[in-house]
Ligand SMILES: NC(=O)C1=CN([C@@H]2O[C@H](COP(=O)(O)OP(=O)(O)OC[C@H]3O[C@@H](n4cnc5c(N)ncnc54)[C@H](OP(=O)(O)O)[C@@H]3O)[C@@H](O)[C@H]2O)C=CC1
Ligand SMILES: O=C1O[C@H](COP(=O)(O)O)[C@@H](O)[C@H](O)[C@H]1O
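In the working numbering, the protein residues as written are 13 to 457.
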């Protein structure tokens with residue numbers, strides 16, 4: 013295979029023959045122990061997406077099990093499954109092409125589209141947290157929830173991955189997939205059953221209820237205009253990271269890979285959008301979604317902020333907030349008010365937390381598998397719950413495509429934000445501490 017193109021029939025034929033040889037050997041050995049003659053085939057396409065279609069065709073042609081006269085059941089002949097990595101397209105149009113190219117040769121049940129965020133412990137936990145605790149049933153909607161914040165923040169920059177990143181940017185890299193998937197799990201209705209397709213059907217409904225961001229220009233057209241502004245809801249913020257304030261960490265444009273490929277790149281590395289799920293449950297509740305690189309913190313979390321009751325006896329008390337931290341250090345906490353402990357009277361509230369930090373509560377009793385371990389196992393077991401279905405993909409691209417078009421305007425220039433640098437913050441804190449001690453000492457003298 014080495015050195016041959018993905019479209020080379022001969023080499024793929026050879027690969028098919030080689031696989032068959034291996035399977036025959038294995039079946040010979042194993043048939044002594046068990047009666048199965050099936051040999052399953054799992055293909056992992058770690059290739060650029062532009063060859064997914066071509067490869068699907070070759071897999072069908074040369075690498076599928078030879079089907080007998082009458083098509084036999086999967087258990088007898090073994091299954092064939094294909095895992096594909098994102099990006100599944102660059103916008104709605106290219107996604108459609110990709111879906112068609114693969115769909116021509118493979119069935120949807122054979123395609124496993126990876127979104128590794130779906131396999132993170134706390135993302136899987138969302139279904140359990142929401143639907144096994146009836147406590148939320150009357151709270152999980154626009155009547156009680158003020159807003160939902162989802163953020164995936166990274167401190168790292170592109171670190172030499174500019175070849176891939178500069179073509180895709182943060183919206184295609186994280187927003188369109190990981191972030192929207194989390195939003196779906198938070199906003200969806202209870203699925204009919206805990207089966208892959210029931211769950212995915214509910215997720216699609218959420219995506220369908222998200223209105224496509226509209227862009228207004230002086231000419232009243234949508235998207236792509238130089239002086240366009242986003243219409244209701246009016247919020248989206250983008251940027252590209254610059255160098256750290258002390259100049260020690262390079263900016264996006266100074267990254268060696270970007271410098272080499274596209275030194276004047278306008279690609280964005282941060283995006284925040286406020287999305288609205290326009291259905292009866294969520295109408296009017298902003299979902300504030302942000303993700304980016306070169307930021308102040310590496311974490312991924314969900315914050316569900318509850319409304320304050322206008323008639324509350326404690327109008328100044330902090331609002332209740334449910335926080336689900338996906339990483340680092342998985343945790344769920346609920347911010348509540350208590351009486352200020354001690355002599356303070358009941359007029360005084362004190363914000364505190366009901367805290368479920370996984371490490372403390374579950375310690376070493378549970379090993380959390382890496383996302384990819386979970387996904388590979390699920391694929392082998394034929395469970396598509398944590399993989400993205402074609403209609404989810406279409407809808408997710410429908411939501412972000414107008415934004416991407418808007419950012420492609422020739423006049424667009426990304427705002428630059430300084431890259432966060434911890435050492436800088438530490439030095440800053442030290443200077444303040446020093447100053448504070450100095451003032452304190454002077455006071456004492
Ligand atoms: N189990 C655990 O480990 C627990 C840990 N904690 C920790 O305690 C600390 C406090 O937690 P918590 O009370 O929940 O967090 P905060 O009340 O400090 O809220 C943090 C959130 O507020 C946003 N925010 C902060 N400053 C501003 C601002 N000026 N304008 C707009 N938004 C802002 C942050 O956004 P952004 O991300 O953009 O800055 C983030 O979403 C955290 O470090 C938390 O990790 C608390 C409870 C349990
Ligand atoms: O898919 C991607 O995700 C990573 C972030 O994943 P995490 O598991 O480390 O949170 C991101 O850095 C990368 O750019 C993107 O392709």
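Quick reminder that beta carbons are idealized off the backbone N, C-alpha and C, glycines included. Just so it is clear, the structure is predicted and the values come from calculations on it, not from any experiment.
- Query: Helix, strand or coil: which one does DSSP assign to residue 318?
  - Reply: Walking along the chain shown from the start, residue 318 turns up at place 306. Strand.
- Assign residue 355 to one of two classes, buried (16 or more other C-beta atoms within 10 Å of its C-beta) or exposed (fewer than that). Here residue 355 corresponds to residue number 343 of the chain shown, with the count starting at 1. The residue is exposed, with fewer than 16 neighbouring Cβ atoms inside 10 Å.
- Task: Have a look at residue 269 and residue 263 and give me their C-alpha separation to the nearest angstrom.
- Result: Translated into positions along the chain shown, residue 269 becomes position 257. Translated into positions along the chain shown, residue 263 becomes position 251. So the alpha carbons of these two residues sit roughly 12 Å apart.
- Item | Cα-Cα separation, residue 181 to residue 190 | One-based indexing of the chain shown puts residue 181 at position 169. One-based indexing of the chain shown puts residue 190 at position 178. Rounded to whole angstroms, residue 181 to residue 190 spans 14 Å at the Cα level.
- Message: Within the continuous alpha helix (DSSP H) that includes residue 136, where are the two ends?
- Response: By 1-based counting over the chain shown, the position of residue 136 is 124. For residue 136, the enclosing alpha helix (DSSP H) starts and ends at 133-143.
- Return the bridge partner residues of residue 369 from the DSSP annotation. The residue labelled residue 369 in the question sits at position 357 within the chain shown. Residue 369 is bridged to 343.
- Message: ligand 2 and residue 166: does any heavy atom of the ligand fall closer than 7 Å to the residue's C-beta?
- Response: The sequence position of residue 166 within the chain shown is 154, counting from 1. Checking the Cβ of residue 166 against ligand 2 gives yes.
- Item | Collapsed DSSP secondary structure at residue 102 in the structure displayed | By one-based count along the chain shown, residue 102 stands at place 90. Three-state result, residue 102: coil.
- Query: According to DSSP, is residue 53 helix, strand or coil?
  - Reply: For the purposes of this step, residue 53 is identified with residue 41 of the chain shown, where counting begins at 1. DSSP places residue 53 in strand when its eight states are reduced to three.
- Item | Closer than 7 Å: residue 193 CB and nearest ligand 2 heavy atom | For the purposes of this step, residue 193 is taken as residue 181 along the chain shown, with counting starting at 1. Not so, every heavy atom of ligand 2 lies at least 7 Å from the Cβ.
- Message: Using DSSP's beta-bridge definition, name the partner residues of residue 31.
- Response: Residue numbering aside, residue 31 sits at position 19 when the chain shown is read from its first letter. Answer is none; residue 31 lacks a bridge partner.
- Run the CB neighbour count on residue 58, radius 10 Å, all protein chains shown included, and call it buried at 16 or more, exposed below. Position 46 of the chain shown, counted from the first residue, corresponds to residue 58. By the neighbour-count rule (16 or more Cβ atoms within 10 Å), residue 58 is not buried but exposed.
- Query: Contact check, residue 75 vs residue 53 under 8 Å by CB: the rounded distance?
  - Reply: Your numbering for residue 75 matches position 63 in the chain shown. Your numbering for residue 53 matches position 41 in the chain shown. So it is a contact: roughly 7 Å between Cβ atoms.
- Message: Within 8 Å, do at least three Cβ pairs link the stretch 159-177 to the stretch 301-309?
- Response: yes
- Express the C-alpha separation of residue 72 and residue 30 in angstroms, rounding to a whole number. Numbered from its first residue, the chain shown carries residue 30 at position 18. Numbered from its first residue, the chain shown carries residue 72 at position 60. Residue 30 and residue 72: Cα-Cα distance of roughly 16 Å.
- Three-way DSSP call (helix, strand, coil) for residue 63 in this model: Here the question's residue 63 lines up with position 51 in the chain shown. Residue 63: helix per DSSP, three-state reduction.
- Query: residue 303 to residue 314, Cα distance in whole Å?
  - Reply: Start at 1 with the first residue of the chain shown, and residue 303 comes out as number 291. Start at 1 with the first residue of the chain shown, and residue 314 comes out as number 302. Rounded to the nearest angstrom, the two C-alpha atoms are 12 Å apart.
- Message: I want to check one thing, is the minimum distance from the CB of residue 160 to the heavy atoms of ligand 2 below 7 Å?
- Response: For the purposes of this step, residue 160 is identified with residue 148 of the chain shown, where counting begins at 1. No, since every heavy atom of ligand 2 falls outside the 7 Å radius drawn around the Cβ of residue 160.
- Message: Measuring only from the beta carbon, is residue 186 closer than 7 Å to any heavy atom that is part of ligand 1?
- Response: The count along the chain shown starts at 1 and reaches residue 186 at position 174. Checking the Cβ of residue 186 against ligand 1 gives no.
- Message: Does residue 114 come out as helix, strand or coil in the three-state DSSP assignment?
- Response: Mapped onto the chain shown, residue 114 falls at position 102. Of the three classes helix, strand and coil, the one that applies to residue 114 here is helix, per DSSP.
- Top-ranked residue by Cα proximity to residue 363, from 370, 375, 350 and 373: Start at 1 with the first residue of the chain shown, and residue 363 comes out as number 351. The candidate whose alpha carbon is nearest that of residue 363 is 350.
- If I'm right that residue 419 touches residue 250 with Cβ under 8 Å, what's the distance once you round it to whole angstroms? Along the chain shown, one-based indexing puts residue 419 at 407. Along the chain shown, one-based indexing puts residue 250 at 238. With a Cβ gap of about 7 Å, residue 419 and residue 250 count as contacting.
- At a cut-off of 7 Å, is residue 208 close to ligand 2 when judged by its beta-carbon and the heavy atoms of the ligand? Residue mapping note: residue 208 aligns to position 196 of the chain shown, counting from 1. Not under cutoff, so the answer is no.
- Query: DSSP three-state call for residue 193: helix, strand or coil?
  - Reply: Indexing the chain shown from 1 puts residue 193 at position 181. The answer is helix: DSSP assigns residue 193 an H, G or I state.
- Could you tell me how far apart the beta carbons of residue 159 and residue 327 are, in whole angstroms, since I believe they sit closer than 8 Å? As a first step, residue 159 is located in the chain shown; it is residue number 147 there, counting from the start. As a first step, residue 327 is located in the chain shown; it is residue number 315 there, counting from the start. Residue 159 to residue 327, Cβ: 19 Å. No contact.
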